[in-house]
Amino acid sequence: MSNLSSSNNRKKLLLMGRSGSGKSSMRSIIFSNYSAFDTRRLGATIDVEHSHLRFLGNMTLNLWDCGGQDVFMENYFTKQKDHIFQMVQVLIHVFDVESQEVMKDIEIFMRSLKQLKKYSPNSKIFVLLHKMDLVQLDKRNELFEIMMNKLTETAKQYGFPNIVGFATSIWDESLYKAWSQIVCSLIPNMSIYQSNLIKFKNLLDAYEIILFEKTTFLVICSSNNKTGGDNGDNDNQSNVKELGSIKIDPKRFEKISNIMKNYKQSCTKLKSGFKTLILNDSIYVSEISSNMVCFIVLNNSKQPRQLILENIKKAKEFFQ
């Protein structure tokens, strides 16, 4: 049995971007079980809102949601700069793709990078090009590439050559892919989860097993050597691929996250819950620990159900 527990590990995530870019909406969807419709009642963030979120039991995410009004922004870069930008593990900078002040948005990004270079030079930088649903479908790839080229060049000037970008919207599953990769970039023992998941897959003779964090349904990793929502395919590729005789959707991880999160919300409204969900004897969704859920796709749906459930029970020792 592998011991995955460790001492409390606190990670500071800075969520920044201009007012109205959608920062608080995405935070509420991922971490507070809001639906996209629920976010319409959210008001503007005043100064900095702090959230302390337990993830996988042994890691605490300290999420600093920084209000984007100009008066607050100016304060972050002057009076509060050593407080805001010190000991940051991750900057998540959100850009509204419909913004009429792109140069102002980029200026804020540059000022953030300047302070990070001084106070947290080893931080990871993620940029979310948000509200992509408002962009004409055939223009999205082009817009994403233009913006990422500009932001990558900007970040290099401040010593951050490896920024990662995502096109996101609250109205589809893209948020789950982005936030899965962001959060999983902070997990130190990912290789242990990965190796244990492969043992689990072999025990069940499964086609694929995907491991999710129980509260957020963010992807931790899959048995096919992918971590944190990284399906190995181009973000903007939506066509189904074939692997052997099975058709594979390259966006399956984040789609399952979205579906399961909605299912969980429905269970909550009905004051119900689930430990194990079985679909057509070929898909099992089961709690594997106090903070993880596994999504299992079997090679053979004719295996006895009781045998599968017993093997899932045995495999739980891998993840304690």
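Residues 39 to 358 (the numbering used here) make up the sequence shown, in order.
All C-beta atoms in this analysis are idealised placements derived from N, C-alpha and C, irrespective of residue type, glycine included.
Helix, strand or coil for N318 per DSSP?
As a first step, residue 318 must be located in the sequence shown, where it is residue number 280. Correct three-state label for N318: coil.
How about G106 and R65: are their beta carbons less than 7 angstroms apart?
Walking along the sequence shown from the start, residue 106 turns up at place 68. Walking along the sequence shown from the start, residue 65 turns up at place 27. No. Outside cutoff.
Does DSSP classify H88 as helix, strand or coil?
Indexing the sequence shown from 1 puts residue 88 at position 50. Strand.
Drop a sphere of 10 angstroms on the beta-carbon of G270, count the other beta-carbons inside from all chains shown, and report buried for 16 or more, exposed for fewer.
Against the sequence shown, residue 270 aligns to sequence position 232. Only weak support is given to the placement of G270: the predicted model assigns it a pLDDT of 48, under 50, and the value that follows is read from those uncertain coordinates. Exposed is the call here.
As an exercise, report each continuous beta strand (DSSP E) stretch of at least 3 residues that is fully enclosed by the segment 99-177, in chain order.
Taking only runs of at least 3 residues, the beta strand (DSSP E) segments lying wholly in the segment 99-177 are 128-134, 162-168.
In whole angstroms, what separates the C-alpha of N277 from that of N113?
Numbered from 1 along the sequence shown, position 239 holds the residue referred to as residue 277. Numbered from 1 along the sequence shown, position 75 holds the residue referred to as residue 113. Bear in mind that a pLDDT of 44 at N277, under 50, signals an unreliable position, so the number given afterwards is only what the model happens to contain. Using only the alpha carbons, I get a separation of about 46 angstroms.
Tell me whether I357 sits in a helix, a strand or coil according to DSSP, three-state version.
What you label residue 357 is simply residue 319 of the sequence shown in a count that begins at 1. According to the sequence displayed, residue 357 carries Phe and not Ile. Reduced to three states, the DSSP call for F357 is helix.
Could you check the C-alpha separation between L281 and P288 for me, to the nearest Å?
Sequence index remark: in the sequence shown, residue 281 carries index 243 (1-based). Sequence index remark: in the sequence shown, residue 288 carries index 250 (1-based). Because L281 carries a pLDDT of 42, less than 50, the predicted location of this residue cannot be relied on, and the following value inherits that uncertainty. Near 11 angstroms, if we compare the C-alpha coordinates of P288 and L281.
From the DSSP output, read off the bridge partner residues of R407.
For the chain, the structure presents residues 39 to 358; residue 407 sits outside this window and is missing.
Restricting to Cα atoms, I'd like to know which of V257, Q174, L308, I201 is closest to F333.
As a working note, residue 333 is residue 295 in the sequence shown. Considering only alpha carbons, the answer is V257.
How many angstroms separate the CA atom of K49 from the CA atom of Q127?
Start at 1 with the first residue of the sequence shown, and residue 49 comes out as number 11. Start at 1 with the first residue of the sequence shown, and residue 127 comes out as number 89. C-alpha separation (whole angstroms): 6 angstroms.
May I ask which residues mark the beginning and end of the alpha helix (DSSP H) holding L241?
As a working note, residue 241 is residue 203 in the sequence shown. Taken as a continuous stretch (DSSP letters only), the alpha helix (DSSP H) holding L241 covers 228-242.
Going by DSSP in three states, S62 sits in which element: helix, strand or coil?
Here residue 62 refers to the residue found at position 24 when the sequence shown is read from its first residue. The answer is helix: DSSP assigns S62 an H, G or I state.
Spatial neighbours of F147 within its chain, please: CB distance less than 6 angstroms, with the 5 preceding and 5 following residues excluded, ordered by chain position.
On the sequence shown, position 109 is the one that residue 147 refers to. Only H131 meet the Cβ criterion.
Could you work out which residue in Y322, F93, A74, V86 is closest to N329 when comparing CA atoms only?
Your numbering for residue 329 matches position 291 in the sequence shown. Of Y322, F93, A74, V86, the residue nearest in Cα terms is F93.
Provide the residue span of the beta strand (DSSP E) that contains A74, from first to last.
The count along the sequence shown starts at 1 and reaches residue 74 at position 36. Per DSSP, A74 belongs to no beta strand (DSSP E) and is neither H nor E.
Per DSSP, which residues does Q204 bridge with? Please list them.
Translated into the one-based positions of the sequence shown, residue 204 becomes position 166. Reading the sequence as shown, one finds Phe at residue 204 and not Gln. Answer is L166, bridged to F204.
Taking Q195 as the reference, give the member of S229, N318, R149 with the closest Cα.
By one-based count along the sequence shown, residue 195 stands at place 157. The shortest C-alpha separation from Q195 is found at R149.
Any chance the segment 177-191 sits against the segment 151-161, with 3 or more Cβ pairs inside 8 angstroms?
The segment 177-191 vs the segment 151-161: no contact.
Can you tell me the Cα-Cα spacing of N96 and K169, whole angstroms?
Taking the first residue of the sequence shown as position 1, residue 96 is located at position 58. Taking the first residue of the sequence shown as position 1, residue 169 is located at position 131. N96 and K169: Cα-Cα distance of roughly 33 angstroms.
Go ahead and pull the three-state DSSP assignment for I326.
As a position in the sequence shown, residue 326 is number 288, starting the count at 1. The answer is strand: DSSP assigns I326 an E or B state.
Straight-line CA distance for I248 to I326?
Working through the sequence shown from its first residue, we reach residue 248 at position 210. Working through the sequence shown from its first residue, we reach residue 326 at position 288. The straight-line gap from Cα to Cα measures roughly 11 angstroms.
Can you have a look at K117 and say buried or exposed, based on whether 16 or more other CB atoms are within 10 angstroms of its CB?
Walking along the sequence shown from the start, residue 117 turns up at place 79. So K117 ends up on the exposed side.
Could you tell me the distance, in whole angstroms, from the CA atom of T306 to the CA atom of E136?
Indexing the sequence shown from 1 puts residue 306 at position 268. Indexing the sequence shown from 1 puts residue 136 at position 98. Going by the C-alpha atoms only, they are around 35 angstroms apart.
Taking the alpha-carbon positions, what's the F69 to V221 distance?
Mapped onto the sequence shown, residue 69 falls at position 31. Mapped onto the sequence shown, residue 221 falls at position 183. Distance between the alpha carbons of F69 and V221 is about 12 angstroms.
Find out if the Cβ-Cβ distance for the pair S261, E246 is shorter than 7 angstroms.
For the purposes of this step, residue 261 is identified with residue 223 of the sequence shown, where counting begins at 1. For the purposes of this step, residue 246 is identified with residue 208 of the sequence shown, where counting begins at 1. The answer is yes: Cβ separation under 7 angstroms.
In the DSSP assignment, find the unbroken alpha helix (DSSP H) run with S212 in it and report its ends.
Along the sequence shown, one-based indexing puts residue 212 at 174. Residues 212-222.
By Cβ distance below 8 angstroms, which residues in the same chain neighbour L53 in space, the five residues on each side in sequence not counted?
As a first step, residue 53 must be located in the sequence shown, where it is residue number 15. Closer than 8 angstroms at Cβ, skipping near neighbours: K61, R65, L101, W102, D103, C104, I130, V132.
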